[in-house]
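Plus 30 on top of the position in the sequence shown (first one is 1) and you've got the working numbering.
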Amino acid sequence: MNAIIKEKIAHWKNKIKKTGIQSIDKHHLKFIDLYEHFSMMQEKKSCVEEITSLFYKLSFHVENYFLEEEIYLKQYNYPKLQEHQEAHNAFIQRILYFQREYQAGNTDICFPIIEYLEEWFDEHIIQSDNEAVDFLLQHDAK
Ligand SMILES: [Fe+2]
Numbered sequence: 031m032n033a034i035i036k037e038k039i040a041h042w043k044n045k046i047k048k049t050g051i052q053s054i055d056k057h058h059l060k061f062i063d064l065y066e067h068f069s070m071m072q073e074k075k076s077c078v079e080e081i082t083s084l085f086y087k088l089s090f091h092v093e094n095y096f097l098e099e100e101i102y103l104k105q106y107n108y109p110k111l112q113e114h115q116e117a118h119n120a121f122i123q124r125i126l127y128f129q130r131e132y133q134a135g136n137t138d139i140c141f142p143i144i145e146y147l148e149e150w151f152d153e154h155i156i157q158s159d160n161e162a163v164d165f166l167l168q169h170d171a172k
């Protein structure tokens, strides 16, 4: 793995707030795994051969993770729930867009996916999710 990717992963791991709620913490780490996986495939130039299984893993993971997170936020009446859900939906739409692009013959999508995942870490996971986690912790969520 190249140094830049390692550095990014270390930065995110450092910034992601732990909830103590296993399903949420576990999912954040899984996201890091997936990012690492995509980046390594990109480095080995084998992303295109493996993209179908990566799409599958990504959508399977994301669906579970978003749902569990939203259930928690709903249960504790998170005031920004709707906004948060909209961000999750936008993520799903973007992944579907990448999938359609790939099916339409655009095989040059590994890098844009990686860039999008990086954006997602910076803008959602370590900001919006951390804000939601603070809220959950203040409300003693378990
Ligand atoms: Fe979220």
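C-beta: ideal position from N, C-alpha, C; glycine also.
The three-state reading of DSSP puts proline 142 in helix, counting H, G and I together.
Boundaries for histidine 154: no alpha helix (DSSP H) harbours it, and the DSSP string shows neither H nor E there. Between the C-alpha atoms of glutamate 79 and glutamate 149 there is a straight-line separation of about 24 Å. Annotation for alanine 120 indicates a beta carbon at 8 Å or more from all heavy atoms of ligand 1. No Cβ-Cβ contact shorter than 9 Å links lysine 45 with aspartate 55. Taking 8 Å as the cut-off, the C-beta of histidine 154 counts as close to a heavy atom of ligand 1.
Counting the other CB atoms within 10 Å of its CB gives aspartate 159 a total of 16 or more, which places it among the buried residues.
Rounded to whole angstroms, the gap between the alpha carbons of tyrosine 146 and aspartate 138 is 14 Å.
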